[in-house]
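**Student:**
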Amino acid sequence: MEFKDRLKELRKENELSQTDIARLLCLSKMAVSHWECGDSEPNISQLKTLAKYFDVSVDYLIGFVD
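Mapped onto this note's numbering, the consecutive letters of the sequence shown carry residue numbers 24 to 89.
(1) Quick one, are the C-beta atoms of Q41 and S63 less than 8 Å apart?
(2) By the 10 Å Cβ neighbour count, where 16 or more other Cβ atoms means buried, how is I44 classified, buried or exposed?
(3) Taking DSSP as the reference, what is the three-state secondary structure of D78?
(4) Please check the pair V88 and L70, which I expect to be a contact at CB under 8 Å, by giving their CB distance rounded to whole angstroms.
(5) Which value, in whole angstroms, describes the spacing of the CA atoms of K52 and R46?
(6) Secondary structure at D89, three-state DSSP: helix, strand or coil?
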């Protein structure tokens, strides 16, 4: 599974909107939308913040482990 799919899955499981994720990272909703469409990806700092927030590993987020 790719990052874009993992992020969307985690976001929906936690009943969060793209706006909620954007606020967490001080980004625009459009940036999160681009991630979920696969048009761009977060930087390492953003990945670490997401991993900590969702209590998963960065490896899980980027699809290295299931």
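Yeah, the Cβ is synthetic: ideal placement off N, Cα and C, and Gly gets one too. Bear in mind the structure is a predicted one, so any value in this text is a computation, not a measurement.
**Tutor:** This is what the structure holds:
(1) Here residue 41 corresponds to residue number 18 of the sequence shown, with the count starting at 1. Here residue 63 corresponds to residue number 40 of the sequence shown, with the count starting at 1. Contact flag unset, no.
(2) Taking the sequence shown and counting its residues from 1, one reaches residue 44 at position 21. Flag for I44 reads buried.
(3) Within the sequence shown, the letter at position 55 stands for residue 78. Coil.
(4) Here residue 88 is taken as the residue at index 65 of the sequence shown, counted from 1. Here residue 70 is taken as the residue at index 47 of the sequence shown, counted from 1. Contact doesn't hold; Cβ gap of about 14 Å is too wide.
(5) Within the sequence shown, the letter at position 29 stands for residue 52. Within the sequence shown, the letter at position 23 stands for residue 46. The alpha-carbon atoms of K52 and R46 are separated by roughly 8 Å.
(6) Counted from its first residue, the sequence shown places residue 89 at position 66. If DSSP states are grouped into helix, strand and coil, D89 belongs with coil.
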